[in-house]
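Chains as they are written, first to last, in our numbering: chain A, 1 to 111; chain B, 1 to 113.
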């Protein structure tokens with residue numbers, strides 16, 4: 001059974017700092033891993049999707065890496081801004097019909 | 001613009017009532033999903049459908065029902081049998097044979113009075 005864990009549960013940083021969010025998963029036989037952003041009371045917005053054949057994906061100030069052998073993915077945010085404040089969730093597939101989600105990391109970027 | 005539309009955004013229900021949450025997508029995706037989100041927890045799968053007229057139970061299907069009569073639509077009914085229905089409900093869709101990337105609607109918040 002796929003279990004997804006995100007550490008830390010909450011993170012507060014000053015504006016401009018680079019930061020790393022962690023995601024670990026127990027079943028390494030995945031075909032992709034996806035990172036999302038969720039603002040309070042809103043749905044999930046897809047940030048990055050990493051296919052199993054890839055080691056990383058980049059979009060603007062965001063970079064996500066995937067290490068299947070160790071069951072880990074990281075989301076790197078460069079030069080953080082107050083607008084980056086949100087909850088970040090990762091999700092890994094299970095049984096080809098389901099995605100298992102972590103509980104998320106709540107990020108606060110202080111001006 | 002392509003996307004997923006959920007309605008209503010907020011819904012209040014009295015105990016013993018059934019309510020139906022709407023989910024419509026114009027992304028031409030085959031697969032659709034319903035998730036439930038509770039505070040401090042990850043999303044949990046309620047039901048999913050890979051094709052019209054077919055759907056499967058997820059981890060927490062008890063007290064819920066769905067239908068998939070059209071590719072674009074996947075409504076969720078929260079029945080009176082659901083013991084703790086107050087939650088945030090999220091609908092998603094994907095192309096099963098593609099990248100598998102999930103796209104979400106804006107969610108519906110259900111509160112039982």
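Note that CB positions come from ideal geometry on N, CA and C, so glycine has one too. Note that the structure is a prediction, hence the values are computed from the model and not measured.
* Three-state secondary structure (DSSP) at residue 40 of chain A? -> For residue 40 of chain A, the secondary structure class from DSSP, reduced to helix, strand or coil, is coil.
* Asked: Between residue 71 of chain A and the rest of its own chain, which residues show a CB-CB distance below 7 Å, the 5 nearest in sequence each way excluded?
  -> Only 24, 25, 26, 28 meet the Cβ criterion.
* Asked: Could you give the residue range of the beta strand (DSSP E) that holds residue 57 of chain A?
  -> Per DSSP, the unbroken beta strand (DSSP E) holding residue 57 of chain A starts and ends at 56-59.
* In chain A, which residues lie with their C-beta within 8 Å of the C-beta of residue 106 of chain B? -> Result: 42, 43.
* Give the secondary structure of residue 93 of chain A by DSSP, where H, G and I count as helix, E and B as strand, and everything else as coil. => Of the three classes helix, strand and coil, the one that applies to residue 93 of chain A here is strand, per DSSP.
* Rounded to whole angstroms, what's the CA-CA distance from residue 107 of chain A to residue 101 of chain A? Just pull it up for me. => Spanning the two alpha carbons is a distance of roughly 17 Å.
* Asked: Expressed to the nearest angstrom, what Euclidean distance is found between the alpha-carbon atoms of residue 53 of chain A and residue 32 of chain A?
  -> The alpha-carbon atoms of residue 53 of chain A and residue 32 of chain A are separated by roughly 8 Å.
* To do: Figure out for me which residue from B:22, B:24, B:49, B:70 has the closest Cα to the Cα of residue 96 of chain B.
  => Nearest to residue 96 of chain B by alpha-carbon distance, out of B:22, B:24, B:49, B:70, is B:49.
* Interface positions of the region 45-62 of chain A facing chain B (Cβ-Cβ less than 8 Å), listed along the chain -> Residues are counted here when their Cβ sits less than 8 Å from a Cβ of chain B; for the region 45-62 of chain A these are 45, 46, 49, 51, given in chain order.
* Asked: Near residue 76 of chain A, which residues of its chain fall below 6 Å by C-beta distance, leaving aside the five closest residues on each side in sequence?
  -> Taken in chain order, the residues that qualify are 20, 63.
* To do: Could you confirm whether any beta carbon from chain B is found closer than 9 Å to the beta carbon of residue 103 of chain A?
  => Yes, residue 103 of chain A lies at the interface with chain B (some Cβ there is under 9 Å from its Cβ).
* To do: May I have the straight-line CA-CA distance separating residue 53 of chain B from residue 87 of chain B, to the nearest angstrom?
  => If you take the alpha carbons of residue 53 of chain B and residue 87 of chain B, they lie about 27 Å apart.
* Asked: What are the complete alpha helix (DSSP H) segments, minimum 4 residues, inside the region 23-55 of chain B?
  -> None, since the region 23-55 of chain B contains no complete alpha helix (DSSP H) of that length.
* To do: May I ask you to list, following chain order, the residues of the region 23-41 of chain B that have a beta carbon less than 7 Å from some beta carbon of chain A?
  => Answer set for the region 23-41 of chain B: 40, 41.
* To do: Spell out a yes or no on whether the region 66-83 of chain B and the region 11-27 of chain B are touching, meaning 3 or more CB-CB pairs, one atom from each, closer than 8 Å.
  => Because the criterion of three Cβ pairs below 8 Å is met, the region 66-83 of chain B and the region 11-27 of chain B touch.
* **Within-9 Å CB hit, residue 115 of chain A to chain B** => The requested residue 115 of chain A is not part of the displayed model; chain A covers only 1 to 111.
* Report the neighbours of residue 34 of chain A on chain B: residues whose CB is nearer than 7 Å to its CB, in chain order. => Simply 101, 102.
* Taking residue 18 of chain B as the reference, give the member of B:32, B:66, B:35 with the closest Cα. => For residue 18 of chain B, the closest alpha carbon among the candidates B:32, B:66, B:35 is that of B:66.
* Asked: Taking the alpha carbon of residue 36 of chain B as the point to measure from, which residue in B:100, B:13, B:63, B:51 has its own alpha carbon closest?
  -> Taking only the C-alpha atoms, the option nearest residue 36 of chain B is B:63.
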